[in-house]
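These notes concern the structure reproduced below.
In the working numbering, the protein residues as written are 69 to 302.
Dropping the structure here:
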């Protein structure tokens, strides 16, 4: 029996991951850097395996896997350029949508305070934004010329004296469609990233609302140390 190409690809990439982990150990990098790289490799393994498990064909698997790996590569490149301050949330959103030919000021509006995301938060947020963008391209606002995407976020500071951390609320709103069903036809890897990965990595709560005009996604979380507010734009 011939091996499924998806299984062969998983085995090949996992072998590469094992070789890279051995290389990192031999090079004697600082513990923090090794930890960051290992976290990234773990995320890549999860992306590869879950993409295979949630795809109904080899073609769909290949297309979605390539897109997800490209999204990871973009955020890693951005982090390398901006260390140690981290990558801007505005850039994460704008760059991901631009990769899908959706430009700010045309079909896209982006607004929020200047936030910087360091490793950990940046990768998981980038994956969430990627899955939202892909859904918009395949099923949502980017399937029609009149479709629009509005991305906003705000940070609120508790007024009590309990020592609670500031709270980030991120909203992705699509408009311009008509008569969408109340529930999505398929809940796959993208939903898993939005509802599980964000909660596990950042203690975020995600609410997906499929309104007749388009998707509304609200992500709410206590501001972690990996995300900082920059008072003045650079």
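Ideal Cβ placement from N, Cα and C applies to all residues, glycine included.
> Contact between the segment 207 to 214 and the segment 140 to 158: three or more CB pairs below 8 Å?
Replying inline: When Cβ pairs closer than 8 Å are counted between the two stretches, the segment 207 to 214 is seen not to touch the segment 140 to 158, the count staying below three.
> residue 270 by DSSP, collapsed to three states: which one?
Replying inline: DSSP places residue 270 in helix when its eight states are reduced to three.
>> Is the separation between the beta-carbon of residue 266 and that of residue 295 shorter than 8 Å?
In response: Contact check for residue 266 against residue 295 fails: the beta carbons are separated by 8 Å or more.
> Would you report the Cα separation of residue 315 and residue 125, rounded to the nearest angstrom?
Replying inline: Outside the modelled stretch of the chain, which goes from 69 to 302, sits residue 315, for which no answer is possible.
> With C-beta atoms as the reference, is residue 143 less than 8 Å away from residue 199?
Replying inline: Between residue 143 and residue 199, the C-beta spacing is not below 8 Å.
>> Using a 10 Å radius around the Cβ and a threshold of 16 neighbouring Cβ atoms, would you call residue 175 buried or exposed?
In response: It is buried - the Cβ of residue 175 has at least 16 other Cβ atoms within 10 Å.
>> What does the Cβ neighbour count give for residue 285, buried or exposed, with the cut at 16 atoms within 10 Å?
In response: Residue 285 comes out buried.
> If you compare alpha carbons, which of 129, 261 and 290 is closest to residue 276?
Replying inline: Ranked by Cα distance from residue 276, the first of 129, 261 and 290 is 261.
>> Considering just the uninterrupted stretch of the beta strand (DSSP E) at residue 282, what are its terminal residues?
In response: Run containing residue 282: 282 to 290, per the beta strand (DSSP E) assignment.
> By Cβ distance below 8 Å, which residues in the same chain neighbour residue 273 in space, the five residues on each side in sequence not counted?
Replying inline: Leaving aside the five residues that flank residue 273 on each side, the residues in its chain whose CB is nearer than 8 Å to its CB run, in chain order, 267, 287, 288 and 289.
> Within 10 angstroms of its Cβ, does residue 148 collect 16 or more other Cβ (buried), or is it exposed?
Replying inline: Its Cβ having fewer than 16 others within 10 Å, residue 148 is exposed.
> What residue range is occupied by the uninterrupted beta strand (DSSP E) comprising residue 241?
Replying inline: For residue 241, the uninterrupted beta strand (DSSP E) run begins and ends at 235 to 243, by DSSP.
> What's the C-alpha gap between residue 113 and residue 133?
Replying inline: Cα-Cα distance, rounded: 11 Å.
> Among residues of its own chain, excluding the 5 on either side of residue 91, which ones have a beta-carbon nearer than 8 Å to its beta-carbon?
Replying inline: Because the pLDDT of residue 91 is 48, which lies under 50, any placement of that residue in the model is unreliable, and the number read from its coordinates should be weighed accordingly. So no residue of the chain qualifies.
> Comparing alpha-carbon positions, which option in 182, 227, 270 and 280 lies nearest residue 248?
Replying inline: Nearest of 182, 227, 270 and 280 to residue 248, Cα basis: 280.
>> Report the CB separation of residue 218 from residue 241 in whole angstroms; it is logged as a contact under 8 Å.
In response: Between the beta-carbon of residue 218 and that of residue 241 there is about 5 Å, and that keeps the pair under the 8 Å contact cut.
> In this structure, does DSSP put residue 170 in helix, strand or coil?
Replying inline: Residue state, collapsed to three classes: coil.
> Excluding five sequence neighbours on each side, which residues of the same chain lie with their C-beta closer than 8 Å to the C-beta of residue 232?
Replying inline: Closer than 8 Å at Cβ, skipping near neighbours: 226 and 290.
> What number of angstroms, rounded off, separates the C-alpha of residue 138 from the C-alpha of residue 118?
Replying inline: Approximately 16 Å, taken between the alpha carbons.
>> So, with DSSP's three-state summary, where would you put residue 184?
In response: Reduced to three states, the DSSP call for residue 184 is strand.
>> On the DSSP letters alone, give me the boundaries of the beta strand (DSSP E) that residue 153 sits inside.
In response: No beta strand (DSSP E) contains residue 153, which DSSP labels as neither H nor E.
> If you drop the 5 nearest sequence neighbours on each side, which residues of the same chain put their C-beta closer than 6 Å to that of residue 220?
Replying inline: So the qualifying residues of the chain are 179, 180 and 239.
>> Please report the distance separating the alpha-carbon of residue 135 from that of residue 145.
In response: Distance between the alpha carbons of residue 135 and residue 145 is about 15 Å.
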